[in-house]
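Asks:
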Amino acid sequence: MHTVTLEQAKEQLAELVAEAGRGTEVLITKDNEPVAKLAPISPRKPHGLLSNGEFPLCGLLQDKVILRAGWEETPEGFEPYLE
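Numbers given in our numbering equal positions in the sequence shown, counted from 1, plus 2.
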């Protein structure tokens, strides 16, 4: 972790953002007290259909439930329950 003062952060913001993009956390201090942290973000997973036609859910069910291709089709013999 790299530590800089607020004044340094104002002058070097672009460089500090580049550092964070390379994985380095930057602690920003004011009057020798930590006030903020600039940190890299985790890579985002792509949204939408996967290459195999499956659709991953997001939110609480992310990585727990995957809707398989054809999930929206009514199973054979299930039609009477939909009336």
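Every residue, glycine too, gets a C-beta built ideally from N, C-alpha and C. These figures come from a predicted structure and were not determined experimentally.
Is the beta carbon of V37 less than 8 Å from the beta carbon of I43?
Replies: It is not a contact, given that the beta carbons lie outside the stated cut-off.
Asks: What would DSSP say about K12, mapped onto helix, strand or coil?
Replies: Residue state, collapsed to three classes: helix.
Asks: Within 10 angstroms of the Cβ of V28, are there 16 or more other Cβ atoms? Answer buried if so, exposed if not.
Replies: Under this definition V28 is a buried residue.
Asks: With a Cβ-Cβ cutoff of 8 Å, do K32 and L15 count as a contact?
Replies: No. Outside cutoff.
Asks: Can you give me the C-alpha to C-alpha distance between N34 and R70, rounded to a whole angstrom?
Replies: About 54 Å.
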